[in-house]
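Asker: Residue numbers (the numbering used here): 4 to 400.
Glycine residues also receive a C-beta, built at the ideal position from the N, C-alpha and C atoms.
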Ligand code: PMP
Ligand code: GLU
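1. Please work out which residues of its chain come closer than 6 Å, Cβ to Cβ, to residue 72, disregarding the five sequence neighbours upstream and downstream, and give them in chain order.
2. Compare the Cα-Cα distances from residue 311 to each of 388, 377, 147 and 50 and report the closest residue.
3. So what's residue 146 in DSSP terms, helix, strand or just coil?
4. When the distance is taken between beta carbons, is residue 122 closer than 8 Å to residue 323?
5. Near the ligand PMP, which residues have their beta-carbon closer than 6 Å to a heavy atom?
6. May I ask which residues mark the beginning and end of the alpha helix (DSSP H) holding residue 20?
7. Which full runs of the beta strand (DSSP E) of 3+ residues lie inside the region 77-135, going along the chain?
8. Which same chain residues, not among the five before or five after residue 189, have their C-beta less than 6 Å away from its C-beta?
9. Mind the definition here: the region 281-291 touches the region 48-56 only if three or more C-beta pairs lie below 8 Å; say whether that holds.
10. Please specify which runs of the alpha helix (DSSP H), each continuous and at least 4 residues long, are wholly inside the region 154-194, giving them in chain order.
11. So does residue 361 have its beta carbon nearer than 7 Å to some heavy atom of the ligand GLU?
12. Across which residues does DSSP place residue 36 in a beta bridge pair?
13. Quick check on DSSP: helix, strand or coil for residue 375?
14. Starting from residue 234, follow its DSSP beta bridges and name the residues at the other end.
15. Which first and last residues belong to the alpha helix (DSSP H) in which residue 277 is found?
16. Look at the Cβ atom of residue 253, then the Cβ atom of residue 233, and state whether they are nearer than 8 Å.
17. Could you tell me whether any non-hydrogen atom of the ligand GLU is closer than 7 Å to the CB of residue 135?
18. Excluding five sequence neighbours on each side, which residues of the same chain lie with their C-beta closer than 7 Å to the C-beta of residue 181?
19. Rounded C-beta distance between residue 343 and residue 333? I'm assuming under 8 Å.
20. Going by the beta-carbon positions, is the gap between residue 177 and residue 130 smaller than 8 Å?
21. Is the beta carbon of residue 202 closer than 8 Å to that of residue 105?
22. Regarding residue 376 and the ligand GLU, is the C-beta to nearest heavy atom distance less than 7 Å?
23. Between residue 128 and the ligand GLU, is the CB less than 7 Å from at least one heavy atom?
24. Is residue 157 closer than 8 Å to residue 141 when the C-beta atoms are compared?
25. Helix, strand or coil for residue 306 per DSSP?
26. Answer yes or no: do residue 325 and residue 394 have a C-beta to C-beta separation smaller than 8 Å?
27. Give the straight-line distance between the Cα atoms of residue 6 and residue 12, rounded to the nearest whole angstrom.
28. Please classify residue 271: does DSSP put it in a helix, a strand, or coil?
29. When you measure from the CB of residue 17 to every non-hydrogen atom of the ligand GLU, does any distance come out below 7 Å?
30. Within a Cβ cutoff of 6 Å, which residues of the same chain sit near residue 24, ignoring the five residues on either side of it in sequence?
31. Of the residues 99, 86 and 76, which one's Cα is nearest the Cα of residue 92?
32. Residue 229 to residue 187, Cα distance in whole Å?
33. Quick one: Cα of residue 398 to Cα of residue 240, how far?
Here's what the structure looks like:
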C-alpha cells in the first residue's frame, strides 16, 4: 500500500526516545532525560513579545513562500557579520526549521543514481532524507583519534562520478567536533575539483567552547561558496525549537528550486514565528552568551564525571551540547540473563533499570558510543550520573 520510499526510512530515533521518555514521565515514572537535543531554557521574552505583537497586529496570514523580506535581510546581515559571507536576498530561504531546509535541499538536489557522502557519526536525519529522495547515502566513518573529523583522504576515497553532495555538520551532533580551517580548505578543494555540493549544517555555530572558532566552509573562498548550501536556524541558539524556523543560503537556482518545493508543500513558514525570528536575529544577543556559559559549565562537569565511571571514556566535545562517551568496554557484560551486546541494549537497559533516557550510538552510525544531551539542568545531570554509575556498576562480566 505504501510507497517504496517510505519503507526505507524509520522515525527519527532522537524524537522517538524523547516521546518514550515523555510517556514514561506522564505515567508517573521519574525519568531523567539526556535524550533529545533541545535547550531546556525558555525562549527569551523579547522574542515572545515580538510574536505577540505580530498576532495583535494581525500578522496572521500567508506570507511570501520563502520568508518575509525583512527576515531574509536580517539573515543576509547575520551571515555577513558572523560568517563573512555575502549573500543576496534571492540566495536565502526561510523554512519550517533547519530540518525542513535540509529536506528541501534533499528534494532539490538528490535523485536516483546520486550518492551523498555522510561522515559518521552523523545526525540521524541525514541518511533518511537522502533515502526519501531515492538517492544513496555513502557513509564514511570518522574516528575518535582524529577528533571525529573527516579526513580529506577518506573523503577522496569515497568520491565517485555519482557523488552529488557531502553533508557536513560543524559543530557536530553527536560528537561536538568542530572542523578546523585546514581540513575545511582541503574538503572545499575536493568539492571544487570533483564538482559536488557541500551541505553545511551550522545549527550549533553559537555553541562553541574554550575560545574555539566556528568557520563556515562557504567562507573558504568564492569557489567554495558557489558549491555550498549553508543551513542554520534558531532552535538551538535562541531556544526556539517549537517555533520551527530555520534557513538556508546558497546559489540562487538551488534556493529557487527549494522555494518552489516549499510553495507546493508547506507554503510559508509560520508568519508569527517569522516575526519572532526577526527579533531573535536583530534584538539583544546576551541570551546566546548566557546559555553558552551555562552549557559550558555542564559540559565540563558531565564529561569529567563520565570519565570516573568504570568502563566509560569520554573526550571533551568542543561544541554543541552533547557528550559522546565510548562505552565499548561495557559490551558483553550482563545484568542477570540480559546481555548488553551493544549501544542499543545499553541505552534500553539504562532507560528501564536506571530510568535515564539517552541515545544509542548506533542511531548515529557508531555502536561504540552513547549520546547524552546536556541541554538539561545541572541538578538532573547530577542525579542522572548517579543513576548511570549505579546501573553500570550492577553489570557483571
Ligand atoms: N541539524 C542538526 C545537526 C540538529 O541537531 C538539528 C536539531 N533537531 C537540526 C538540524 C534541526 O533543527 P530544527 O529543525 O529544529 O531547526
Ligand atoms: N536535533 C535534536 C537531536 O538530535 C532534536 C531531535 C530531532 O530533530 O531529531 O536530539
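Answerer: With the given structure in hand:
1. There are no such residues.
2. Answer by Cα proximity: 388.
3. In the structure shown, the three-state DSSP call for residue 146 is coil.
4. Not closer than 8 Å, so no.
5. Listed by chain position, these are 40, 100, 101, 102, 126, 172, 176, 204, 206, 236, 238, 244 and 249.
6. 16-29 is the extent of the alpha helix (DSSP H) around residue 20.
7. With a minimum length of 3 residues, the continuous beta strand (DSSP E) runs that stay inside the region 77-135 are 95-98 and 118-123.
8. Take residue 189, set aside five residues on each side of it, and the residues of its chain with a beta-carbon closer than 6 Å to its own are 155, in chain order.
9. Because the criterion of three Cβ pairs below 8 Å is met, the region 281-291 and the region 48-56 touch.
10. As far as the region 154-194 is concerned, its whole alpha helix (DSSP H) runs of at least 4 residues are 155-161.
11. Outside the cutoff, so no.
12. DSSP lists 360 as the beta-bridge partner residues of residue 36.
13. Assigned with DSSP and collapsed to three states, residue 375 falls in strand.
14. According to DSSP, residue 234 bridges with 204 and 251.
15. 274-285 is the extent of the alpha helix (DSSP H) around residue 277.
16. A contact, by the Cβ cut-off of 8 Å.
17. Relative to the ligand GLU, residue 135 has its C-beta separated by 7 Å or more from all heavy atoms.
18. So the list reads 173, 174, 211, 215, 217, 321 and 322, once near-sequence residues are dropped.
19. Rounded, the Cβ-Cβ distance is 6 Å, consistent with contact.
20. Residue 177 places its beta carbon 8 Å or farther from that of residue 130.
21. The answer is yes: Cβ separation under 8 Å.
22. True, at least one ligand heavy atom lies under 7 Å from that Cβ.
23. True, at least one ligand heavy atom lies under 7 Å from that Cβ.
24. No, they are not a contact pair.
25. In the structure shown, residue 306 sits in a helix (DSSP, three-state: H, G or I).
26. No; because the gap between Cβ atoms is not below 8 Å, this pair is not in contact.
27. Cα atoms of residue 6 and residue 12: separation of roughly 11 Å, rounded to the nearest angstrom.
28. It is coil, neither helix nor strand.
29. Within the cutoff, so yes.
30. Sequence-distant partners of residue 24 (beyond 5 residues in either direction) whose C-beta falls short of 6 Å from its own C-beta, in its chain, are 34, 36, 38 and 360.
31. The shortest C-alpha to C-alpha distance from residue 92 to any of 99, 86 and 76 is the one to 76.
32. Between the C-alpha atoms of residue 229 and residue 187 there is a straight-line separation of about 15 Å.
33. Rounded to the nearest whole angstrom, the C-alpha separation of residue 398 and residue 240 is 38 Å.
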